[in-house]
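Student: First the structure, which I've put down as structure tokens, then a few questions once you've had a look.
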Amino acid sequence: MLFTPAAHEAPTDEPWSAETARRAIAAIAADAEDAFDDGWTMHPADVEPSDDPASRWRSLYLGGAGVVDALTRLERRGFVELRRDYVPYLDALLAGPSPVPEEGSEPGLWMGETGVRLVLQRLAPSRANLDRIAELIAATAQDERWELMWGSPGTILAGRELGLDVAASVELLRSQREADGLWTQQLAGRSTRYLGPAHGFAGCALALGDDAAAAETLRRFAIEEDGLVTWSPVEGMRLDANGDGRIRTQWCHGAPGMVATLGHVMDEELALGGGELTWLAGPLEKGAGLCHGTAGNGYAFLALLELTGDERWLTRARAFAMHAAGQVEQSRSEHGRGRHTLWTGDLGTALFLADCTDGGGTLPLP
């Protein structure tokens, strides 16, 4: 079996309702705005043993920049009306030292300064901010992590969006690709060859753009069984060789993320097999979010809708969206608060609900 049933739930039987989705989006946004207090404190589910639970992270992935990004995306699409201007907050984040030391010295997209400045540039463009982003792109060009969260793949995506010259970073990233199509990540003092979009191959391939070599690599490392397809988190690793013995079937590791991120370049049979696996496995019990939750898995279906034009993938995405909305409500009831992050919490779920309402969309990358 290519997934662990205990890690998943049966989709809710509540039928799709655009009105219900819009109410859920409005509730998530209102809860986030109500909770703003010079940023947002960490949710218990995001707190590591070494973290101060009162910390207010600033990053795109786990902090205030990501919340602001999601809120403004929703406002520009007509789903919410915001009560606050968040540009002064972003300015203040960048004017002083990071409130969280682990984020303070990082230049990267998801966990560092580039992500905060990217959100600010979208809201209040300035030459000075753009020049600083260009410096940060150069600073990550040779980062040996070779992955999306901290390294050059993330800053390449940001620079490309802003029309900056990323040619040197792209050339260096391509030069580090190994003979079998993967990159080696130097992370936490270890050399690892990840496959997924958050830490490995898929994120690098996404940054390189329309990359013909990616399709061959995806075929080489695909694991197939009875028409279903997935990929291991790490090259050569057994699917269930994780601390909890559960197979990762989520955006950051496994079929959902590979299809959502690179479905447009892989063989269609692989993409369909990954989508069928994601549907058969069901929503993730971990929660509703993008990185390792139900909404992130649902983006595999929206990618397949774009690829094939088959409306059953939109139907499946919407089933996951209704389930994710219920997970947000359940979590808020259990913890007495929302999970105010873009990639692990409620705000990413709101973006997925919005895309399902509009009938299509992609992950907020960068």
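Under the numbering used here, the residues of the sequence shown are numbered 38 to 403, in order. Beta carbons: idealized from backbone N, C-alpha and C, even for Gly. All figures in this text were calculated on a predicted structure; none of them were measured in a lab.
(1) If you draw a straight line from the C-alpha of A235 to the C-alpha of M186, how long is it?
(2) Secondary structure at E262, three-state DSSP: helix, strand or coil?
(3) Give the straight-line distance between the Cα atoms of M303 and R353, rounded to the nearest whole angstrom.
(4) Does the separation of the CB atoms of L173 and G188 fall below 9 Å?
(5) Between E343 and the rest of its own chain, which residues show a CB-CB distance below 7 Å, the 5 nearest in sequence each way excluded?
(6) Could you name the residues of the same chain whose beta carbon sits closer than 7 Å to that of G246, not counting the 5 residues immediately before and after it, in chain order?
(7) For R154, collect the residues of the same chain with a Cβ closer than 8 Å to its Cβ; drop the 5 residues on either side in sequence, then sort them by chain order.
(8) Might you give, ordered along the chain, the residues of its own chain that have their beta carbon closer than 6 Å to the beta carbon of G294, omitting 5 neighbours on each side?
(9) Looking at chain C, is there any beta carbon in it that lies within less than 9 Å of the beta carbon of Y336?
(10) Would DSSP call V296 helix, strand or coil?
(11) Helix, strand or coil: how does DSSP classify V352 here?
(12) Could you check whether T381 and Y98 sit closer than 9 Å to each other, using their CB atoms as the reference points?
(13) My guess is that G375 and D68 are in contact by the Cβ rule of under 8 Å, so how many angstroms apart are they, rounded?
(14) Could you name the residues of the same chain whose beta carbon sits closer than 6 Å to that of G363, not counting the 5 residues immediately before and after it, in chain order?
(15) From H377 to H329, what distance separates their C-alpha atoms?
(16) Cα separation between A43 and R159?
(17) Between Q409 and R257, is the Cβ-Cβ spacing less than 9 Å?
(18) So what's V203 in DSSP terms, helix, strand or just coil?
(19) Rank D347, G282, A205, A387 by C-alpha distance to the C-alpha of T57 and give the top, closest one.
(20) Output the boundary residues of the beta strand (DSSP E) element that contains R227.
(21) Compute the distance between the beta-carbons of L400 and A249, then report whether it is under 9 Å.
(22) If the criterion is Cβ atoms closer than 9 Å, does the pair V207 and A244 meet it?
(23) Determine the direct distance from the alpha carbon of G333 to that of V266, and round the result to whole angstroms.
(24) Which whole runs of the beta strand (DSSP E) in the stretch 144–168 are 3 residues long or more, in chain order?
(25) Am I right that A66 and L108 are in contact with their C-beta atoms under 8 Å? What's the rounded C-beta distance?
(26) Please report the residue range of the beta strand (DSSP E) in which E224 lies.
(27) Within the continuous alpha helix (DSSP H) that includes S189, where are the two ends?
(28) Taking the continuous alpha helix (DSSP H) assigned at A107, which residues delimit it?
Tutor: Answer, in terms of the structure:
(1) Within the sequence shown, residue 235 is the residue found at index 198, counting from 1. Within the sequence shown, residue 186 is the residue found at index 149, counting from 1. Here the alpha carbon of A235 sits roughly 6 Å from the alpha carbon of M186.
(2) Here residue 262 is taken as the residue at index 225 of the sequence shown, counted from 1. Three-state DSSP puts E262 in a strand.
(3) To locate residue 303, count along the sequence shown from 1; it is residue 266. To locate residue 353, count along the sequence shown from 1; it is residue 316. Distance between the alpha carbons of M303 and R353 is about 21 Å.
(4) Sequence index remark: in the sequence shown, residue 173 carries index 136 (1-based). Sequence index remark: in the sequence shown, residue 188 carries index 151 (1-based). Against a cut-off of 9 Å, the Cβ pair of G188 and L173 comes out as no contact.
(5) Within the sequence shown, numbered from 1, the residue matching residue 343 stands at position 306. Hits under 7 Å: G397.
(6) Position 209 of the sequence shown, counted from the start, is the residue given in the question as residue 246. Once the five neighbours on either side are set aside, G246 has no close Cβ partner at all.
(7) As a working note, residue 154 is residue 117 in the sequence shown. Excluding residues within five positions, the ones whose Cβ falls inside 8 Å are L131, N166, R169, I170, L173.
(8) Taking the first residue of the sequence shown as position 1, residue 294 is located at position 257. Spatial neighbours of G294 in its own chain (CB-CB distance under 6 Å, excluding positions within 5 residues in sequence) are listed in chain order as G233, P234, W288.
(9) Of the protein chains in the structure, only one exists, and it is not chain C.
(10) Working through the sequence shown from its first residue, we reach residue 296 at position 259. If DSSP states are grouped into helix, strand and coil, V296 belongs with the helices.
(11) Here residue 352 corresponds to residue number 315 of the sequence shown, with the count starting at 1. The amino acid occupying residue 352 in the given sequence is Thr; Val does not appear at that position. DSSP places T352 in helix when its eight states are reduced to three.
(12) Numbered from its first residue, the sequence shown carries residue 98 at position 61. Numbered from its first residue, the sequence shown carries residue 381 at position 344. Yes, Cβ-Cβ distance for Y98 and T381 is below 9 Å.
(13) Counted from its first residue, the sequence shown places residue 375 at position 338. Counted from its first residue, the sequence shown places residue 68 at position 31. Rounded, the Cβ-Cβ distance is 4 Å, consistent with contact.
(14) Position 326 of the sequence shown, counted from the first residue, corresponds to residue 363. Excluding five sequence positions before and after G363, the CB atoms of its chain that fall closer than 6 Å to its own CB belong to T49, given in chain order.
(15) For the purposes of this step, residue 377 is identified with residue 340 of the sequence shown, where counting begins at 1. For the purposes of this step, residue 329 is identified with residue 292 of the sequence shown, where counting begins at 1. The straight-line gap from Cα to Cα measures roughly 15 Å.
(16) Numbered from its first residue, the sequence shown carries residue 43 at position 6. Numbered from its first residue, the sequence shown carries residue 159 at position 122. Their backbone Cα atoms lie some 41 Å apart in a straight line.
(17) For residue 409 there is no data in the structure shown, the boundaries of the chain being 38 and 403.
(18) Position 166 of the sequence shown, counted from the first residue, corresponds to residue 203. DSSP, read as helix, strand or coil, puts V203 in coil.
(19) Counting from 1 along the sequence shown, the entry for residue 57 is found at position 20. Relative to T57, the option among D347, G282, A205, A387 whose CA is nearest is A387.
(20) Position 190 of the sequence shown, counted from the start, is the residue given in the question as residue 227. First-last of the beta strand (DSSP E) with R227: 227–229.
(21) As a working mapping, residue 400 is identified with position 363 in the sequence shown. As a working mapping, residue 249 is identified with position 212 in the sequence shown. Not a contact, by the Cβ cut-off of 9 Å.
(22) Indexing the sequence shown from 1 puts residue 207 at position 170. Indexing the sequence shown from 1 puts residue 244 at position 207. In this structure, A244 lies closer than 9 Å to V207 by Cβ.
(23) Along the sequence shown, read from residue 1 onward, the residue named residue 266 stands at position 229. Along the sequence shown, read from residue 1 onward, the residue named residue 333 stands at position 296. Taking the straight line joining both Cα atoms gives about 17 Å.
(24) If we require 3 residues or more, the stretch 144–168 turns out to have no beta strand (DSSP E) run fully inside it.
(25) Taking the sequence shown and counting its residues from 1, one reaches residue 66 at position 29. Taking the sequence shown and counting its residues from 1, one reaches residue 108 at position 71. Confirmed, about 6 Å.
(26) Position 187 of the sequence shown, counted from the start, is the residue given in the question as residue 224. It is worth fixing the name first, because residue 224 is Leu in this sequence and not Glu. Unbroken beta strand (DSSP E) run through L224: 222–224.
(27) Taking the first residue of the sequence shown as position 1, residue 189 is located at position 152. Element bounds for S189: 189–198.
(28) Along the sequence shown, one-based indexing puts residue 107 at 70. Segment 101–113, the alpha helix (DSSP H) holding A107.
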